[in-house]
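Worksheet: one structure, shown below.
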């Protein structure tokens, strides 16, 4: 671009004009707006309404007009065969029945733990004309004839120092020539009672003692029952065929009238006695071992049974009933048979000389 010449004959260069740039920008902006307006009129033409008051735009997203309902057509019917759902309930598992015990006639000869240890027990049975051995494995002092695995026996100091008697029983059981019976004193146990485990008390709040000065525990005490249960199962595992419970109920000999009524000595004594026997009977049956009970209290209709060992409890829960020499054997047979005891000749074990044709034992 030519400028004016100065006095020296040269032209001045002033650059592009600022107004021209602004003008070009305005022209471009108007062109864009024109194109946008044409495009808007093309797209939105159907929504523009010319009214006497001016142009009105009906925006589609602001319309309040209800949408057209869906076209009604005939319903589609799906035909199918009905599905029968059968839910099969699995049958409950059949419990393994415990076989009914079979009883055979026994002639039991009592031997001592010392005879077990020195190996003369089998000869003593043979000399007595018997086919069964009975030995006391828990005495009325609370002492055991073997070393039990029970933690309570350790705390009560009731274990023996050696296990020779138990080993002798295992050997006799393996030989299989004799029927083996373990006799245990249950609740006539001063070790339990002095440890305040089910201790029987007098109405005056003192420890009760029987006629020979021994204190007793209770069949209703859970800890005492658990302890005796473990001992019986250990004897079963040792190889004994039968567990004979002595003092298996409440005491009946001595001043029992002064015993206080309590949880350990309830009004109905037969309930805890029966529960204890039922428990042991079931546990020993699973091991194939018979539960027997030694009975010495005279059972007479209408009289109180201080031990809780009624005829019904005996008939329903004891495999065999061993009778004390002080009771009438014939009377017991009659009363137990009336209470439901079957096979009385094989299940009642009477002292030798009083048994007749039935089972017998000698002291």
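Residue numbers (the numbering used here): 7 to 369.
Ideal Cβ placement from N, Cα and C applies to all residues, glycine included.
Since the structure is predicted, the reported quantities are computational estimates derived from the model, not experimental observations.
Collapsed DSSP secondary structure at residue i in the structure displayed
| i | result |
| --- | --- |
| residue 104 | At residue 104, the pLDDT of 46 sits below 50, so the modelled position is not reliable; the number obtained from the coordinates is stated separately. Residue state, collapsed to three classes: coil. |
| residue 28 | helix |
| residue 173 | helix |
| residue 117 | strand |
| residue 296 | strand |
| residue 263 | helix |
| residue 192 | coil |
| residue 33 | helix |
| residue 332 | coil |
| residue 215 | strand |
| residue 208 | strand |
| residue 202 | coil |
| residue 154 | coil |
| residue 142 | strand |
| residue 339 | helix |
| residue 301 | strand |
| residue 149 | coil |
Assigned exposure category for residue i - 16 Cβ within 10 Å defines buried
| i | result |
| --- | --- |
| residue 31 | exposed |
| residue 33 | exposed |
| residue 230 | buried |
| residue 124 | exposed |
| residue 271 | buried |
| residue 290 | buried |
| residue 160 | exposed |
| residue 306 | exposed |
| residue 104 | Low local confidence applies: a pLDDT of 46 at residue 104 is under 50, so the model's placement there is unreliable, with the coordinate-based value given in what follows. Residue 104 should be labelled exposed. |
| residue 240 | buried |
| residue 326 | buried |
| residue 311 | buried |
Rounded straight-line distance, which links the Cα of residue j to that of residue i
| i | j | result |
| --- | --- | --- |
| residue 4 | residue 267 | Nothing can be reported for residue 4, as the shown portion of the chain is limited to 7 through 369. |
| residue 269 | residue 278 | 10 angstroms |
| residue 348 | residue 212 | 43 angstroms |
| residue 144 | residue 340 | 31 angstroms |
| residue 26 | residue 38 | 19 angstroms |
| residue 249 | residue 185 | 11 angstroms |
| residue 8 | residue 36 | At residue 8, the pLDDT of 47 sits below 50, so the modelled position is not reliable; the number obtained from the coordinates is stated separately. C-alpha separation (whole angstroms): 32 angstroms. |
| residue 265 | residue 224 | 12 angstroms |
| residue 199 | residue 274 | 21 angstroms |
| residue 309 | residue 261 | 16 angstroms |
| residue 361 | residue 171 | 30 angstroms |
| residue 215 | residue 187 | 29 angstroms |
| residue 257 | residue 190 | 15 angstroms |
| residue 351 | residue 295 | 19 angstroms |
Sheet register partners of residue i (DSSP bridge)
| i | result |
| --- | --- |
| residue 368 | 115 |
| residue 248 | 187 and 296 |
| residue 357 | 367 |
| residue 238 | The partner list for residue 238 (beta bridge, DSSP) is empty, contrary to what the question assumes. |
| residue 371 | In the structure displayed, the chain extends from 7 to 369; residue 371 sits before or after that span and is not available. |
Q) Does the pairing of the stretch 323 to 331 with the stretch 295 to 304 give three or more beta-carbon distances under 8 angstroms? A) yes
Q. Given 8 angstroms as the limit, is there contact between the stretch 155 to 168 and the stretch 207 to 217, that is, 3 or more CB pairs closer than that?
A. no
Q.
When you compare the stretch 186 to 197 with the stretch 130 to 150, are there three or more beta-carbon pairs, one atom per stretch, that lie closer than 8 angstroms?
A. yes
Q) So does the stretch 228 to 242 actually touch the stretch 308 to 322, counting three or more Cβ pairs closer than 8 angstroms? A) no
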